[in-house]
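Residue numbers (the working numbering): 17 to 502.
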């Protein structure tokens, strides 16, 4: 009997030993499978991160190209403005020349009318001169005959004989008076003849003077007209050249606008792809952490600078939230610090690329420049001392949590907090009249631009939504990590 019991005990021991060995082997195999799964997930995460880095590189190159094009566009716009001013000045100069030409044309017309009047005077003077010359010729011939008849037929002797042949004193005196009258008459006619010659000479001088005056005036007007016409043609040439250059510069502006529109479209596409890749990375990280379930609790020995960074970020993200909401935002940051999936210090978590838009916009540093408020400093210190509101690694507004179909989250104030990025299955397509109607997912509205930060950057992170509660429903979650980051 004792032998049988011993045999059974030995058999039982052997069976139990084999069972333990099998369980240990299965456990080791299970651990190996989980380790391999986690390694595979890490590899996927690295591939996604590489894709994000490539997208970010393309985004930076596109931003640089946009910046360069905008610089060239500004220069061209300045050229256009200068050319427009130059064109306006040239047109004004042309208008001035045209006005002067019109005035000069009026002067020329007036001069031509005056010349026509002077020409008529000259014609009349020529006529009078001709008449005077004819009269001069007649008088000259008559005077010549009288002198010949009177003086050449005896001369003074003849006149003296005429007096001496007088029969009486009375006849002598009569003849003397007659001869005296004849001499005076001849003197008068000679004087008239001389006056006529002087008048002819004066009129000839006047005609000559007026002809010269008109010729000189006409020459001056013609020279002015030619000068203004030349200046007008020169300025019109400059205006034409300026307008051609202006047209070319305007075409450049249109070309810049087209290129900028293409780059803007490319930028939006890259941003959308980056956001999708960030979301995928956050999902991959969350799935891996769900298998590992790290312990992110406990205090953190922070420097004074890290305290200020944490408090400023809590204020930027949750200034309009309750104190619990502020602690929840701080908890997400500290849970990330404690997690192996994120940087290991406060500042690196907050400044991690594409995570907190409140940092990218400059809001965090703006708050740091004046100092965070006392409430946010107290919340930050409590979180650093080990206080936690959940083990959450991600947060966003309810709007975006529902948009991304997050299956499990906890609402604290206006934010949805969660640890694992798990999503609900896609809804079945609606069927109408035997035909499937594929429902197209509605893209979230583009977030409002923030006033803080350089360039008024658009919020892309869920973390930005942690700020004023009035803005939370309009802001877009981060590209992947951002969505959990905040």
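Note that beta-carbon positions come from the ideal geometry of N, C-alpha and C, so glycine has one too.
Starting from the N-terminal side, write out each stretch of the alpha helix (DSSP H) that is 4 residues or longer and does not extend beyond the region 169 to 241. Listed in chain order, they are 171 to 180.
Closer than 8 Å is the cut-off here; do at least three beta carbon pairs connect the region 282 to 298 with the region 55 to 73? Contact between the region 282 to 298 and the region 55 to 73 is present: 3 or more CB-CB pairs across the two stretches fall below 8 Å.
What does a CB cutoff of less than 7 Å around residue 214 pick up in its chain, not counting 5 residues either side in sequence? Correct list: empty, nothing qualifies.
From this set, 394, 201 and 352, which residue's C-alpha is nearest residue 436's C-alpha? Nearest to residue 436 by C-alpha distance, out of 394, 201 and 352, is 352.
Cβ distance (whole Å) where residue 347 is taken to contact residue 404 below 8 Å: About 5 Å; that satisfies the 8 Å criterion.
Nearest neighbour of residue 111, chosen from 415, 245, 272 and 444 [CA to CA]: Residue 245 is the option with its Cα nearest to residue 111.
In whole angstroms, what is the alpha-carbon distance linking residue 136 and residue 113? Whole-angstrom Cα-Cα distance: 34 Å.
Between residue 424 and residue 434, how many whole angstroms is the CB-CB distance? I'm expecting something under 8 Å. Correct: roughly 6 Å between the Cβ atoms.
Residue span of the alpha helix (DSSP H) that contains residue 328, given as start and end: It spans 320 to 334 - the alpha helix (DSSP H) in which residue 328 sits, taken as one unbroken run.
Is the region 405 to 425 in contact with the region 319 to 326, if contact means three or more CB pairs nearer than 8 Å? By the Cβ rule, the region 405 to 425 does not count as touching the region 319 to 326, because fewer than three pairs are nearer than 8 Å.
Please name the residue or residues paired with residue 432 in a DSSP beta bridge. 412 and 427.
Using the three-state DSSP reduction, which class does residue 439 fall into: helix, strand or coil? Reduced to three states, the DSSP call for residue 439 is strand.
Tell me, to the nearest whole angstrom, how far the beta carbon of residue 265 is from that of residue 95; I am working on the premise that it is less than 8 Å. Yes, residue 265 and residue 95 are in contact; Cβ-Cβ is about 5 Å, under 8 Å.
Looking at C-alpha atoms only, which residue of 375, 232, 144 and 48 is the closest neighbour of residue 127? Comparing Cα-Cα distances from residue 127 to each of 375, 232, 144 and 48, the minimum goes to 232.
Per-residue burial, residue 342 [other beta carbons within 10 Å of its own, 16 or more giving buried]: Burial is judged here by how many other beta carbons sit within 10 angstroms of a residue's own beta carbon; residue 342 has at least 16 and is buried.
Which same chain residues end up closer than 8 Å to residue 222 when comparing Cβ atoms and leaving out the 5 residues on each side of it in sequence? The beta carbon of residue 222 is closer than 8 Å to those of 141 in its chain, skipping five residues each way along the sequence.
Among all the DSSP beta bridges, which residues are the ones paired with residue 422? According to DSSP, which records beta bridges pairwise, residue 422 is partnered with 439.
Check residue 316 in the structure and name its three-state DSSP category. Three-state DSSP puts residue 316 in coil, outside helix and strand.
Length of the line joining the Cα atoms of residue 58 and residue 304: Those two C-alpha atoms are separated by around 8 Å.
When the distance is taken between beta carbons, is residue 364 closer than 7 Å to residue 333? Between residue 333 and residue 364, the C-beta gap is not smaller than 7 Å, which leaves the two residues out of contact.
Can you give me the Cβ contacts of residue 395 inside the same chain, cut-off strictly under 6 Å, excluding the 5 residues immediately before and after it? Cβ neighbours of residue 395 within its own chain (closer than 6 Å, five residues either side excluded): 330, 342, 343 and 346.
Between which two residues does the alpha helix (DSSP H) holding residue 397 run? Its alpha helix (DSSP H) spans residues 390 to 400.
Count the CB pairs spanning the region 116 to 130 and the region 263 to 280 that are closer than 8 Å, and state whether there are at least three. Not touching, per the Cβ criterion.
What would DSSP say about residue 340, mapped onto helix, strand or coil? Here residue 340 sits in helix by DSSP.
Determine whether the beta carbon atoms of residue 255 and residue 117 lie at a separation below 7 Å. In this structure, residue 117 does not lie closer than 7 Å to residue 255 by Cβ.
For the alpha helix (DSSP H) holding residue 373, just list the boundary residues, first then last. Start and end: 373 to 376.
Whole-angstrom distance between residue 227 and residue 217, CA atom to CA atom: Those two C-alpha atoms are separated by around 15 Å.
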